[in-house]
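Asker: Can you keep this structure in mind? I'll have questions shortly.
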Amino acid sequence: MKWFYDLKISRKLITAFLVVVMMVAGLGVFAVRQLDKVNSASTEIATNWLPSIRTLSVIQLTLARVRSFEMQHILANDAKEFAEIEQGSLKQIDTLRKQLALYEGQISEPEEKALYPEVQKLVAIFLTEHDKIIALSRQEKNEEARAVQRGEATRAYRTLLQNLEKLINVNDTGADGSNKLADTVYAQSRLWIIVLVTSCIALAMLLAMWVSRLIARPIEEAVAVAQRVAGGDLTAHIQSTSKDEAGQLLDALKTMNGSLLTIVAEVRQGTSTITTASTEIAAGNLDLSSRTEQQASSLEETASAMEELTSTVKQNADNAKQANQLAVSASEVASAGGDVVGKVVDTMGSINESSRKIADIISVIDGIAFQTNILALNAAVEAARAGEQGRGFAVVASEVRSLAQRSAAAAKEIKGLIEGSVAQVDLGSKLVEEAGTTMTEVVNSVRRVTDIVAEITSASQEQSEGIEQINLAITQMDEVTQQNAALVEQAAAAAQSLQEQAEKLTDTVSVFKLDSNAVTAPSRSTFTKAAASAPKASTFAPRNPPPRQRTQDVTPPKPALKAAPSAGKVAPPSSDDSGSWETF
204 MKWFYDLKIS RKLITAFLVV VMMVAGLGVF AVRQLDKVNS ASTEIATNWL PSIRTLSVIQ
264 LTLARVRSFE MQHILANDAK EFAEIEQGSL KQIDTLRKQL ALYEGQISEP EEKALYPEVQ
324 KLVAIFLTEH DKIIALSRQE KNEEARAVQR GEATRAYRTL LQNLEKLINV NDTGADGSNK
384 LADTVYAQSR LWIIVLVTSC IALAMLLAMW VSRLIARPIE EAVAVAQRVA GGDLTAHIQS
444 TSKDEAGQLL DALKTMNGSL LTIVAEVRQG TSTITTASTE IAAGNLDLSS RTEQQASSLE
504 ETASAMEELT STVKQNADNA KQANQLAVSA SEVASAGGDV VGKVVDTMGS INESSRKIAD
564 IISVIDGIAF QTNILALNAA VEAARAGEQG RGFAVVASEV RSLAQRSAAA AKEIKGLIEG
624 SVAQVDLGSK LVEEAGTTMT EVVNSVRRVT DIVAEITSAS QEQSEGIEQI NLAITQMDEV
684 TQQNAALVEQ AAAAAQSLQE QAEKLTDTVS VFKLDSNAVT APSRSTFTKA AASAPKASTF
744 APRNPPPRQR TQDVTPPKPA LKAAPSAGKV APPSSDDSGS WETF
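All letters in the sequence shown, in the order written, are residues 204 to 787 by the numbering used here.
In structure tokens, the structure reads:
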């Protein structure tokens, strides 16, 4: 049953409920089966025995009516009565045969099967004798008909009734047996159902008590443990026997109890540690106070030296600014000269290009004059061929030729002059280009000098700003040193308050009852020995500050000063506070 103890509470309840449901289901199945038996017995009575008895009773009644029709036929006097009686007799015989066929399908017992052939035989004899009686009566042989009726017909009728009665008794006996069986099944079922219901109720109550005990007992133990812990008793021995929610609760309480035990033991140790540490802090504060005074005097001397250095650096920065302004002016003048030379070079190029275009135009004019001369020559030749008629045209052609020759000579002279001018312009352009190159180099040199002077000016400005920031930092350090002196006094008060708080904490945790094997607080001599082995504050030499790097934007450091905490809320120092005095 260990597995059941370890189940969760929900699964335990579900399992118990399933057991109860299975018992109820078993009871229901048993009751249904017993009801089926009662129903089978009732069905057998209603569908087997009673229909057979009803059919046999109808057969008896039909036989009696046939006998009655025989007597009426013998007593009748006219043909109409004969016909009516015979018609009624035939209907009864037809009903008799149908009922016999119906009963044949209802036979279920061997005794019925044995008697039924005899009944069929007797019915056949009875009907044969009936026909004889009807025939004799129609012939008005009434005495003979009565004799036949009182003879063989009566014997067959009586024997047939006896056999039918036997068949009725057989079915009646079967119906009684089914009825008794139904009564017996009902009585047994009622008894068994009462016993099973009582057993189910008893088992369900026992199961409910057992499961509730499994659930409630660990919770009661957990409540008792919680009450002991609330009262300050941490010596409770907690043992869990299951893995359900209640067992998990006990395990959690066990872990919590162990954690509280450890915390209380560590708090007791911590109170002794805080007391010793507060004493050490007080001693360190005295040493810190004297070193703070020495540091303040050193800072004052450093501040006066930094003021002299600041004035010198500022003068250098002013001189560098003036040199930078002169260099910038020279650079601007050189740049303007370079621009003028560039424009002259461009103008000479334009003149050279124009001269070349004029030379080209003169060449075109010379070509035109040459073509005109040729045309005039051709005109003269044509005028000579024409004779007298072309004489006037020849004169014109001669004048045109003369003009063309003079135009060609003038064009040659102009071309020579233009070519000389182009050569002079080319030479001037080359000289101007050389002057422009030289001027560009001068401008570049002036610009480099200007950049160097600007860098010197920037460096001097940065040095001046850096010195000012150093001066401001030293001033702030002086202020911080003064504040440190005030903080030392506050730290002394805080150490006293810390000691008082440690005593109160010791009184607070003393209400908890611990096991004998719990962690005990170390003695005061242990902390005294540790304090003696720690390095003294006076053995630490001040560290040299690292060299300052020149930067573009330098902002003075602003120390974050916090207000001293109140005496009642001072945090305990760490174990290595003896070496942290150097940070002041």
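Even for Gly, the Cβ is constructed at its ideal location relative to N, Cα and C.
Less than 6 Å between C-beta atoms, sequence neighbours within five positions excluded: which residues of the same chain meet that for Ala688?
Answerer: Position 485 of the sequence shown, counted from the first residue, corresponds to residue 688. Same-chain partners within the cutoff: Thr495.
Asker: My guess is that Val351 and Lys369 are in contact by the Cβ rule of under 8 Å, so how many angstroms apart are they, rounded?
Answerer: Locating residue 351 in the sequence shown gives position 148, where the first residue counts as 1. Locating residue 369 in the sequence shown gives position 166, where the first residue counts as 1. About 26 Å separates the two Cβ atoms, so there is no contact after all.
Asker: Hey, is the stretch 335-346 in contact with the stretch 218-225, meaning 3+ C-beta pairs nearer than 8 Å?
Answerer: Flag = no, the stretch 335-346 and the stretch 218-225 do not touch.
Asker: Please specify which runs of the beta strand (DSSP E), each continuous and at least 3 residues long, are wholly inside the stretch 445-489, giving them in chain order.
Answerer: none
Asker: My output table needs one value for Asp710: the three-state DSSP class, helix, strand or coil.
Answerer: Here residue 710 refers to the residue found at position 507 of the sequence shown. Note: Asp710 maps to helix in three-state DSSP.
Asker: Would you say Ile673 and Thr505 are within 7 Å of each other, going by their C-beta atoms?
Answerer: Here residue 673 is taken as the residue at index 470 of the sequence shown, counted from 1. Here residue 505 is taken as the residue at index 302 of the sequence shown, counted from 1. Their beta carbons are not under 7 Å apart, which means Ile673 does not touch Thr505 by this criterion.
Asker: Since Ala583 contacts Ala597 with CB under 8 Å, what's their CB separation in whole angstroms?
Answerer: Residue 583 sits at position 380 when you count from the first residue of the sequence shown. Residue 597 sits at position 394 when you count from the first residue of the sequence shown. Right, their Cβ atoms sit about 5 Å apart.
Asker: I need the straight-line Cα distance from Ala733 to Ala662, nearest angstrom please.
Answerer: Counting from one through the sequence shown, the residue named residue 733 turns up at place 530. Counting from one through the sequence shown, the residue named residue 662 turns up at place 459. Caution applies to Ala733, whose pLDDT of 40 falls short of 50 and renders its modelled position unreliable; the value that the coordinates give is listed next. Computed Cα separation, rounded: 54 Å.
Asker: Whose CA, out of Gln365, Ile477, Arg300, lies closest to the CA of Lys707?
Answerer: Indexing the sequence shown from 1 puts residue 707 at position 504. The option with the nearest alpha carbon to Lys707 is Ile477.
Asker: Which same chain residues, not among the five before or five after Ala607, have their C-beta less than 7 Å away from its C-beta?
Answerer: Here residue 607 is taken as the residue at index 404 of the sequence shown, counted from 1. Excluding residues within five positions, the ones whose Cβ falls inside 7 Å are Ala572, Thr575, Asn576, Ala579.
Asker: Counting C-beta neighbours from all protein chains within 10 Å, is the total for Val788 16 or more, i.e. buried, or is it exposed?
Answerer: Lying before the first or after the last residue shown, residue 788 is absent from the chain, which here runs from 204 to 787.
Asker: Could you work out which residue in Asn460, Arg361, Arg609, Leu690 is closest to Gln430 when comparing CA atoms only?
Answerer: To locate residue 430, count along the sequence shown from 1; it is residue 227. Looking at the Cα atoms, Asn460 is the closest of the given residues.
Asker: Using CA coordinates, which residue listed in Phe329, Glu644, Ile659, Gly308 is at the minimum distance from Arg361?
Answerer: Within the sequence shown, numbered from 1, the residue matching residue 361 stands at position 158. Among Phe329, Glu644, Ile659, Gly308, the Cα nearest to that of Arg361 belongs to Phe329.
Asker: Decide if Glu332 is buried, meaning its Cβ has at least 16 other Cβ atoms within 10 Å, or exposed.
Answerer: Start at 1 with the first residue of the sequence shown, and residue 332 comes out as number 129. Glu332 should be labelled buried.
Asker: In chain order, which beta strand (DSSP E) runs of at least 3 residues are fully inside the stretch 623-657?
Answerer: With a minimum length of 3 residues, no continuous beta strand (DSSP E) run stays inside the stretch 623-657.
Asker: Examine the Cβ distances between the stretch 269-284 and the stretch 293-304 and report whether three or more of them are shorter than 8 Å.
Answerer: yes
Asker: Which same chain residues, not among the five before or five after Val432, have their C-beta less than 8 Å away from its C-beta?
Answerer: To locate residue 432, count along the sequence shown from 1; it is residue 229. Setting aside the 5 residues that flank it on each side, Val432 is surrounded in the same chain by Ala439, Leu456, Met459, Asn460, Leu463, each with a C-beta closer than 8 Å to its C-beta; the list follows chain order.
Asker: What is the residue span of the alpha helix (DSSP H) that Ile418 lies within?
Answerer: Residue mapping note: residue 418 aligns to position 215 of the sequence shown, counting from 1. 357-433 is the span of the alpha helix (DSSP H), which, as asked, contains Ile418.
Asker: Since I believe Val373 is in contact with Glu314 (beta carbons under 8 Å), could you give me their beta-carbon distance rounded to a whole number of angstroms?
Answerer: Along the sequence shown, one-based indexing puts residue 314 at 111. Along the sequence shown, one-based indexing puts residue 373 at 170. Contact flag correct, Cβ pair sits at about 5 Å.
Asker: Does the Cβ of Arg753 have 16 or more other Cβ atoms within 10 Å, making it buried, or fewer, making it exposed?
Answerer: For this step, residue 753 is matched to residue 550 along the sequence shown. Here the model assigns Arg753 a pLDDT of 40, short of 50, so the residue's position is not dependable, and the following value carries that caveat. Taking every protein chain shown into account, the CB of Arg753 has fewer than 16 other CB atoms within 10 angstroms, so this residue is exposed.
Asker: Please classify Pro421: is it buried, with 16 or more other beta-carbons within 10 angstroms of its beta-carbon, or exposed?
Answerer: As a working mapping, residue 421 is identified with position 218 in the sequence shown. By the C-beta density criterion, Pro421 is buried, having at least 16 other C-beta atoms within 10 angstroms.
Asker: In angstroms with no decimal places, state the Cα-to-Cα distance between Arg416 and Leu409.
Answerer: The residue you call residue 416 lines up with position 213 of the sequence shown. The residue you call residue 409 lines up with position 206 of the sequence shown. C-alpha separation (whole angstroms): 11 Å.
Asker: Determine the extent of the alpha helix (DSSP H) in which Glu347 is found, giving its start and end residues.
Answerer: Taking the sequence shown and counting its residues from 1, the one referred to as residue 347 is at position 144. Glu347 -> alpha helix (DSSP H) spans 345-351.
Asker: Go ahead and label Ile655 buried or exposed: buried means 16 or more other beta carbons lie within 10 angstroms of its beta carbon, across all protein chains shown.
Answerer: On the sequence shown, residue 655 is found 452 positions in, with the first residue counted as 1. Exposed: under 16 other Cβ atoms inside 10 Å.
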